[in-house]
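So the structure is just underneath, and the comments pick up after that.
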Amino acid sequence: MAREQDILRRRGPKRPPHLTSRRIGIHTSTAGGVFNAAERAYRLGCNTLQIFSSSPRQWAPYELSELQCAEMSRLRALYDLKPLVIHTNYLVNLASSTEQFLQKSVEAFRGEVERALALCAEYLVLHPGSYRGTNRERGLLQTAAAIAAATKDLDLAKGGLTILIENTAGSEFSLGGSFEQVAEVIDHLRSILPIAACIDTCHTHVAGYDLVSEEGIYHTLKQLDATIGLNNVKVVHCNDAKAARGSKLDRHQHIGKGMIGKQAFRILLNDLRLAHAAFIAETPIDKPGDDRRNVQALKKLVQ
Ligand SMILES: [Zn+2]
Ligand SMILES: [Zn+2]
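Quick note, the sequence shown lines up with residues 1296 to 1598 if you use the working numbering.
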C-alpha cells in the first residue's frame, strides 16, 4: 500500500491528452485505499470512473473511513471526475429463492448502498440476479422487493444516489437478458427510489441484440428507447465481445478488437440522446497499458 502511494506521488501530476465532451472512464482498482482509484483514473485520461467499494467476491463487510471518503471527494473535484459509479459485489443475488441467501444478499446490498452514500457516488450498478429455483416473473418481482427492503430508511435522493439495473448476458437463470426485464424492475421501483439502467454492450450483443450492422445498431437503440428509454440509460458499459451474438457467453474484449467492432461504440458515443450518460469500459488487462489504450480508443471515437 505504501509503495503504491509512493509510486503515484513520485510520478507527479500529468495532464492526460484528448479531453472529450463525453464522460469516458474505466473500471479502476482501489488497491491501497478507495481514493487511489481517482488518482489512477485521472492518469488513465478518464473524466469518470467505476470502482468496487468492497472485495467483489467476498462477503466480509468493508468499513470506509470518513477520511477515505473525504479524500475521494477532494480528488474527484480536483480532477473533474464525475459521475462516480460503484459496481455491486458479484455475490449479491436479490432474486435468490433461498431464504438464507436472500437475507445475506439484502444485508450486503444495504452495505453497498451505505458505502455509495458515504462516498457521494452518483450511481450504484446492480445485476438483477439469478432466479434458479423459481421462475423469471417471480424472480423479477423479488429483486424489486429486495431492493426496496435493502434501502428502507436510506435517503438515496438526498444523497444524490441512483441505483442502476444492468442488463446481462441472459445465460441460464440470470435475469436482465432483455431490455424488457430491466425495464420491469425499474417500473416496480420508480415511485419509491431513484432507479435507472446501465447497459452493457457485451451483454447486449451476446444476449442476441444486433450491435454489429449499422441498421442493427439503430434498431437496437430503438428497442432500448421503447423499453427502458434512452433517458434512463445513465451508464453504458463499453465492452467489446469475444463471443458471438446470441451466444450468452459473457467474455469482455478490448474496444474494437472483438465481435462487436468500433462502429457500435462510435454510434453510441455520438448519439445526442445519450450525451448525459457515462461511458465506462470494463475491458480486460492482458498486458500493461491495455486500460489506457481502451480509454483512448473510446475517446478517439467521439466526433
Ligand atoms: Zn458491465
Ligand atoms: Zn460482463
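Beta carbons: idealized from backbone N, C-alpha and C, even for Gly.
With a threshold of 6 angstroms, establish whether the CB of residue i neighbours any heavy atom of ligand 1.
i: Glu1577; result: yes
i: Asp1495; result: yes
i: His1483; result: no
i: His1532; result: yes
On a Cα-Cα basis, can you pick out the residue from the options that is closest to residue i?
i: Lys1543; options: Phe1468, Leu1414, Arg1431; result: Phe1468
i: Ala1355; options: Val1387, Asn1534, Gly1524; result: Val1387
i: Thr1457; options: Leu1470, Thr1383, Arg1338, Gly1503; result: Thr1383
i: Gly1503; options: His1322, Tyr1374, Ala1372, Met1554; result: Met1554
i: His1547; options: Leu1563, Thr1499, Glu1509; result: Thr1499
i: Tyr1385; options: Asp1585, Asp1520, Thr1463; result: Thr1463
i: Asp1545; options: Lys1552, His1483, Ala1536; result: Ala1536
i: Ala1573; options: Asp1482, Ala1492, Val1408, Leu1484; result: Ala1492
i: Pro1351; options: His1322, Asp1448, Ile1481; result: His1322
i: Leu1680; options: Gly1551, Gln1345, Leu1359, Leu1564; result: Residue 1680 lies beyond the stretch modelled for the chain, which goes from 1296 to 1598, so this question has no answer here.
i: Asn1526; options: Asp1505, Ile1490, Ala1538; result: Ile1490
i: Cys1497; options: Asn1331, Lys1582, Glu1577; result: Glu1577
i: Asn1565; options: Ile1523, Gly1340, Tyr1426, Lys1594; result: Lys1594
i: Gly1524; options: Glu1479, Thr1446, Arg1540, Gly1428; result: Glu1479
i: Glu1358; options: Leu1488, Ala1411, Lys1453; result: Ala1411
i: Lys1447; options: Ser1316, Arg1405, Ser1508; result: Arg1405
i: Lys1529; options: Ala1570, Ala1333, Cys1341; result: Ala1570
i: Arg1371; options: Arg1568, Gly1556, Gly1320; result: Gly1320
i: Val1531; options: Glu1334, Thr1343, Lys1552; result: Thr1343
i: Arg1338; options: Leu1373, Glu1361, Ala1365; result: Leu1373
i: Ala1326; options: Ser1348, Thr1315, Ala1445; result: Ser1348
i: Gln1353; options: Glu1407, Gly1465, Asp1505; result: Glu1407
i: Ala1602; options: Gln1476, Arg1561, Cys1533; result: Because the chain is modelled from 1296 through 1598, residue 1602 falls outside the range shown and cannot be assessed.
i: Leu1506; options: Glu1409, Cys1364, Gln1558, Ala1592; result: Gln1558
Would the C-beta of residue i count as close to ligand 2, meaning under 6 angstroms from any of its heavy atoms?
i: Asp1535; result: no
i: Asp1545; result: yes
Could you pull the DSSP bridge partners for residue i from this structure?
i: Gly1320; result: Thr1343, Ile1575
i: His1532; result: Asp1495, Ile1575
i: Val1420; result: His1382, Leu1459
i: Ser1425; result: Ser1469
i: His1547; result: Ala1536
i: Ile1251; result: Residue 1251 is absent from the model: the chain starts at 1296 and stops at 1598.
(message) I'd like to know if the stretch 1432-1447 and the stretch 1507-1522 are in contact, where contact means that at least 3 CB-CB pairs between them fall below 8 angstroms.
(response) no
(message) Is it the case that the stretch 1415-1424 contacts the stretch 1365-1383, given that we only count it when at least three CB pairs across the two stretches are under 8 angstroms?
(response) yes
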